[in-house]
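Peer 1:
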Amino acid sequence: MGKIMVLTGNYTATEAAALCRPDLIAAYPITPQSSVVEGLAAKVHNGELDANMVQVESEHSAMSVVQGAAAGGGRVFTATSAQGLALMYEPYFRMSTLRMPMVMALATREMTSPETVWSGQQDAISVRDAGWIQVFCDSNQEIMDMIIQGYKLAEHPEVLIPVNVCYDGFYSSHLTEGVDVPEQKEVDEFLPAPSFSHCVLDPEKPFALDPLTPGPLLMKYRKNHLDAMEKALEVIEEIDREFGEKFGRSYGGAVSSYRAEDAEVVLVTIGGMTGTGMDAVDMAREKGIKAGLIKLRFIRPFPAKRIAKLLEGKKAFAVVDRSVCFGWSQGPMHMEVKAALADVDEKYAHFSAIGGLGGADISLRNLLETIELLEAVKDAPGEKATKWFMNE
Amino acid sequence: MKEIRLHGRGGQGVVKASQLVVKAAVAGGKCGQFIPFFGVERKGSPVFGYLRLSEQPIRRKTQIYEPDILVIMDDSLVSLPQTYAGLKDGGIIVINSRRTMEELAVPQNAGVVAVVDASGISEELFGRNIPNTAMLGAFAQVTGLVDQEILFEEIAKTFGERNKMAALRAAQEVRVVKG
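Protein sequences, first through last, are from chains F and R.
Note that our numbering has the first sequence beginning at 1209, numbered continuously upward.
Note that our numbering has the second sequence beginning at 304, numbered continuously upward.
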């Protein structure tokens, strides 16, 4: 059994990363992530953590340095947000396409402009096609557990894809609550030392890593990458089960649901709004509305089949996004959930809801009103206007 | 579940104080959650904090619009409309002030109003105005929501004995002027 510590989301990420025994951490501070790596730097300085801590001059360098260490076979960690992620875009892509395993915490933050430092998922969402696995967390406990699971997933021999563990800036990164922190021994048993070798340089066996590659060969790499993403959907479920057996906490794998079995109307959530959504579902049930919730956890790979199955036979759904899909007048996760469903406009009343941009709140009232709107339109299939949570 | 909104100014220790309450709640086998709300981060600007205490796990992660309890660390903030906004009928106000209830213009629907000179205690003990630990003492005394012994030990562990003394003094000196 672990011990209960009272931690912010960021310090939860610190504790989790340290328990995974990283060989090297390279990072550059950025709001709202900064305290993750401040915490790690303190642990290295105090001698609590035996890792190389590299303070770099930019996020581009942070990702490049961890890439170098992964090419040495090391387990590596970094964390970032928004502008930092944007600045590391080039090595970010290379990390996944070289199939180098790692975990990066992402305290999600709105993208400028207008200038902002506050919450929003536009940063993570905008790189969802850069080849990384992405998981979104609701509670601090989930941040802890997904960082530990993340390494297991990233380093799985049939996956070998880096993992972003995403959580809402401020609403989770600065949220303080009790977290069950596992013992080092338990984590060591669950997560053995890394053993990947496909991208590891060795002077005894010289080879070229990432040489200029002709198209037909590059296409093979891309297809392999996509196949591994598909395989990851299975591995995610296996790791969730194994973690549940060892630590007593299970998250349902790539997607989870709440009171959805007999629901007619379904709220689809991502990240820290999920707990609020569960409270809204309970309140709607008290009013006699058969409401349920689906929580998108992994969005890369996208668990399309499981989502289609969970929505089978339902009358209406709304997908709440904390980001926008420019050019489609709706949220990106609404686009993707629709893509997972056949004949969506004939079978379901549905709409996109957008809220929580730039630190705005997604309130209980916002989500309850969304459920009530679903109840009102549930018998009229087709796509309805996007609902914006324009709170004063 | 009790929802508590804290109002203070940057540098007064709203965040650290609230985190201690969560620690004390969890140490006492209950659930606690705190979300700070940052505007522009600078000393002296108004800051908010959202604190929840419950017997059950706390799921929602939102701002607090209809607080059961208001903790106001700086009485100059009462002139801002958002300070008293949304207080539940019969709700509790704990405020750091030397002023009267009339001067503080507390809302009619408040059930309990408690006043303590936390700044005075802080200035006397530390030579400067960091009223947070004294306010914790008053909060614990008036609301009974956290085990005082556990909370005061957490204060001593984190900030030292003098801060525990500040909390103890405020717990003794806080005056319930309504309710």
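Ideal Cβ positions, reconstructed from N, Cα and C, are used throughout, including at glycine.
Check Arg312 of chain R in the structure and name its three-state DSSP category.
Peer 2: Position 9 of the second sequence, counting from 1, holds the residue named residue 312 of chain R. Note: Arg312 of chain R maps to strand in three-state DSSP.
Peer 1: Could you name the residues that DSSP lists as bridge partners for Tyr353 of chain R?
Peer 2: Residue mapping note: residue 353 of chain R aligns to position 50 of the second sequence, counting from 1. The partner list for Tyr353 of chain R (beta bridge, DSSP) reads R:Arg308 and R:Ile338.
Peer 1: Which residues in chain F have a C-beta closer than 8 Å to the C-beta of Pro544 of chain R? List them in chain order.
Peer 2: Look at the range of chain R in this structure, 304 to 482, and you will see that residue 544 of chain R is not part of it.
Peer 1: Please identify the residue among F:Ile1562, F:Lys1428 and F:Ala1499 whose C-alpha is closest to the C-alpha of Leu1306 of chain F.
Peer 2: By 1-based counting over the first sequence, the position of residue 1306 of chain F is 98. Among F:Ile1562, F:Lys1428 and F:Ala1499, the Cα nearest to that of Leu1306 of chain F is on F:Lys1428.
Peer 1: Which residues of chain R have a Cβ atom closer than 7 Å to the Cβ of Leu1572 of chain F, listed in chain order?
Peer 2: Numbered from its first residue, the first sequence carries residue 1572 of chain F at position 364. Under the 7 Å cutoff, chain R gives Arg363 and Thr365.
Peer 1: Do we get a CB-CB distance below 7 Å when we pair Lys326 of chain R with the residues of chain F?
Peer 2: Here residue 326 of chain R refers to the residue found at position 23 of the second sequence. Yes, Lys326 of chain R lies at the interface with chain F (some Cβ there is under 7 Å from its Cβ).
Peer 1: Does the beta-carbon of Thr386 of chain R have 16 or more other beta-carbons within 10 angstroms, so that it is buried, or is it exposed?
Peer 2: To locate residue 386 of chain R, count along the second sequence from 1; it is residue 83. Its Cβ being crowded by 16 or more others within 10 Å, Thr386 of chain R is buried.
Peer 1: Would you report the Cα separation of Phe1344 of chain F and Gly1566 of chain F, rounded to the nearest angstrom?
Peer 2: Indexing the first sequence from 1 puts residue 1344 of chain F at position 136. Indexing the first sequence from 1 puts residue 1566 of chain F at position 358. Whole-angstrom Cα-Cα distance: 18 Å.
Peer 1: Does Val329 of chain R have its Cβ less than 7 Å from a Cβ in chain F?
Peer 2: Position 26 of the second sequence holds residue 329 of chain R. Val329 of chain R counts as touching chain F.
Peer 1: Round the Cβ separation of Val445 of chain R and Val409 of chain R to the nearest angstrom and send it over; I've been treating them as touching at under 8 Å.
Peer 2: Taking the second sequence and counting its residues from 1, the one referred to as residue 445 of chain R is at position 142. Taking the second sequence and counting its residues from 1, the one referred to as residue 409 of chain R is at position 106. Contact flag wrong, Cβ pair sits at about 14 Å.
Peer 1: Does the beta-carbon of His1253 of chain F have 16 or more other beta-carbons within 10 angstroms, so that it is buried, or is it exposed?
Peer 2: Along the first sequence, one-based indexing puts residue 1253 of chain F at 45. By the neighbour-count rule (16 or more Cβ atoms within 10 Å), His1253 of chain F is not buried but exposed.
Peer 1: Could you work out which residues of chain F lie near Gly335 of chain R, taking near to mean beta carbons separated by less than 9 Å?
Peer 2: On the second sequence, position 32 is the one that residue 335 of chain R refers to. Those are Val1214, Thr1384, Glu1385 and Gly1386, listed as they occur along chain F.
Peer 1: For chain R, find out if any of its Cβ atoms is closer than 7 Å to the Cβ of Gly1452 of chain F; answer yes or no.
Peer 2: Numbered from its first residue, the first sequence carries residue 1452 of chain F at position 244. With 7 Å as the cut-off, Gly1452 of chain F does not count as an interface residue toward chain R.
Peer 1: Between the segment 1476-1494 of chain F and chain R, which residues of the former have a C-beta closer than 7 Å to a C-beta of the latter?
Peer 2: Of all residues in the segment 1476-1494 of chain F, Gly1480, Gly1483, Thr1484, Met1486 and Asp1487 have a Cβ within less than 7 Å of some Cβ in chain R.
Peer 1: Thinking C-alpha only, which one of F:Ala1526, F:Ser1531, F:Ala1568 and F:Met1598 is nearest Glu1591 of chain F?
Peer 2: Walking along the first sequence from the start, residue 1591 of chain F turns up at place 383. Checked all of F:Ala1526, F:Ser1531, F:Ala1568 and F:Met1598; the closest Cα to Glu1591 of chain F is F:Ala1526.
Peer 1: Could you tell me which of F:Ser1458, F:Glu1494 and F:Asp1418 sits nearest to Met1303 of chain F, measuring between CA atoms?
Peer 2: Residue 1303 of chain F sits at position 95 when you count from the first residue of the first sequence. Here the closest residue by C-alpha is F:Asp1418.
Peer 1: In whole angstroms, what separates the C-alpha of Gly1377 of chain F from that of Glu1412 of chain F?
Peer 2: As a first step, residue 1377 of chain F must be located in the first sequence, where it is residue number 169. As a first step, residue 1412 of chain F must be located in the first sequence, where it is residue number 204. Going by the C-alpha atoms only, they are around 45 Å apart.
Peer 1: Let me know the secondary structure DSSP gives Arg478 of chain R once reduced to three states.
Peer 2: Counted from its first residue, the second sequence places residue 478 of chain R at position 175. Three-state DSSP puts Arg478 of chain R in a strand.
Peer 1: For Asp1396 of chain F, go through chain R and note every residue whose CB falls closer than 7 Å to its CB, in chain order.
Peer 2: One-based indexing of the first sequence puts residue 1396 of chain F at position 188. By Cβ distance, chain R contributes nothing, its closest Cβ being about 26 Å from Asp1396 of chain F, past 7 Å.
Peer 1: From the DSSP output, in three-state form, read off Phe1451 of chain F for me.
Peer 2: Sequence index remark: in the first sequence, residue 1451 of chain F carries index 243 (1-based). DSSP places Phe1451 of chain F in helix when its eight states are reduced to three.
Peer 1: Flag Asp1569 of chain F as yes if its beta-carbon sits less than 7 Å from any beta-carbon of chain R, otherwise no.
Peer 2: In the first sequence, the residue the question calls residue 1569 of chain F occupies position 361. At least one chain R Cβ lies under 7 Å of Asp1569 of chain F.
Peer 1: Comparing alpha-carbon positions, which option in R:Ala330, R:Val449, R:Asp377 and R:Phe341 lies nearest Ile433 of chain R?
Peer 2: Residue 433 of chain R sits at position 130 when you count from the first residue of the second sequence. Nearest C-alpha to Ile433 of chain R: R:Asp377.
Peer 1: Can the beta-carbon of Ala437 of chain R be found less than 7 Å from the beta-carbon of Ile458 of chain R?
Peer 2: Numbered from its first residue, the second sequence carries residue 437 of chain R at position 134. Numbered from its first residue, the second sequence carries residue 458 of chain R at position 155. No; because the gap between Cβ atoms is not below 7 Å, this pair is not in contact.
Peer 1: So for Ile453 of chain R, helix, strand or coil by DSSP?
Peer 2: Here residue 453 of chain R refers to the residue found at position 150 when the second sequence is read from its first residue. In this structure, Ile453 of chain R counts as helix in the three-state DSSP scheme.
Peer 1: Quick check: Leu1248 of chain F and Ile1233 of chain F, are their CB atoms within less than 7 Å of each other?
Peer 2: Sequence index remark: in the first sequence, residue 1248 of chain F carries index 40 (1-based). Sequence index remark: in the first sequence, residue 1233 of chain F carries index 25 (1-based). Yes.
Peer 1: Answer yes or no: do Leu1501 of chain F and Tyr1466 of chain F have a C-beta to C-beta separation smaller than 7 Å?
Peer 2: Translated into the one-based positions of the first sequence, residue 1501 of chain F becomes position 293. Translated into the one-based positions of the first sequence, residue 1466 of chain F becomes position 258. For Leu1501 of chain F and Tyr1466 of chain F, yes; Cβs fall inside 7 Å.
Peer 1: Counting only beta-carbon atoms, is Gln322 of chain R nearer than 7 Å to chain B?
Peer 2: You won't find chain B in this structure, because its protein chains are F and R.
Peer 1: With DSSP as the reference, label Lys1503 of chain F as helix, strand or coil.
Peer 2: On the first sequence, residue 1503 of chain F is found 295 positions in, with the first residue counted as 1. Note: Lys1503 of chain F maps to strand in three-state DSSP.
Peer 1: Counting pairs of Cβ atoms below 8 Å between the segment 1218-1227 of chain F and the segment 1261-1270 of chain F, do you hit three or more?
Peer 2: Output reads no: the segment 1261-1270 of chain F does not touch the segment 1218-1227 of chain F.
Peer 1: Expressed to the nearest angstrom, what Euclidean distance is found between the alpha-carbon atoms of Arg1336 of chain F and Phe351 of chain R?
Peer 2: Here residue 1336 of chain F corresponds to residue number 128 of the first sequence, with the count starting at 1. Here residue 351 of chain R corresponds to residue number 48 of the second sequence, with the count starting at 1. Distance between the alpha carbons of Arg1336 of chain F and Phe351 of chain R is about 34 Å.
Peer 1: Would you call Gln359 of chain R buried or exposed, if buried means 16 or more other Cβ atoms sit within 10 Å of its Cβ?
Peer 2: For the purposes of this step, residue 359 of chain R is taken as the residue at position 56 of the second sequence. With fewer than 16 other Cβ atoms within 10 Å, it is exposed.
Peer 1: What residue from F:Asp1388, F:Gly1483, F:Ala1416 and F:His1433 has the CA that sits closest to Arg1457 of chain F's CA?
Peer 2: Counting from 1 along the first sequence, the entry for residue 1457 of chain F is found at position 249. It is F:Asp1388 whose Cα lies nearest to the Cα of Arg1457 of chain F.
Peer 1: Report the three-state DSSP secondary structure of Asn432 of chain R (helix, strand or coil).
Peer 2: As a position in the second sequence, residue 432 of chain R is number 129, starting the count at 1. Of the three classes helix, strand and coil, the one that applies to Asn432 of chain R here is coil, per DSSP.
Peer 1: By the DSSP assignment, the beta strand (DSSP E) with Thr1220 of chain F in it spans what residues?
Peer 2: Position 12 of the first sequence, counted from the start, is the residue given in the question as residue 1220 of chain F. Run containing Thr1220 of chain F: none in the beta strand (DSSP E); it sits in the alpha helix (DSSP H), Gly1217 to Leu1227.
Peer 1: For His1268 of chain F and Ala1278 of chain F, I'd like the C-alpha separation in whole angstroms.
Peer 2: Looking up residue 1268 of chain F in the first sequence gives position 60. Looking up residue 1278 of chain F in the first sequence gives position 70. Whole-angstrom Cα-Cα distance: 16 Å.
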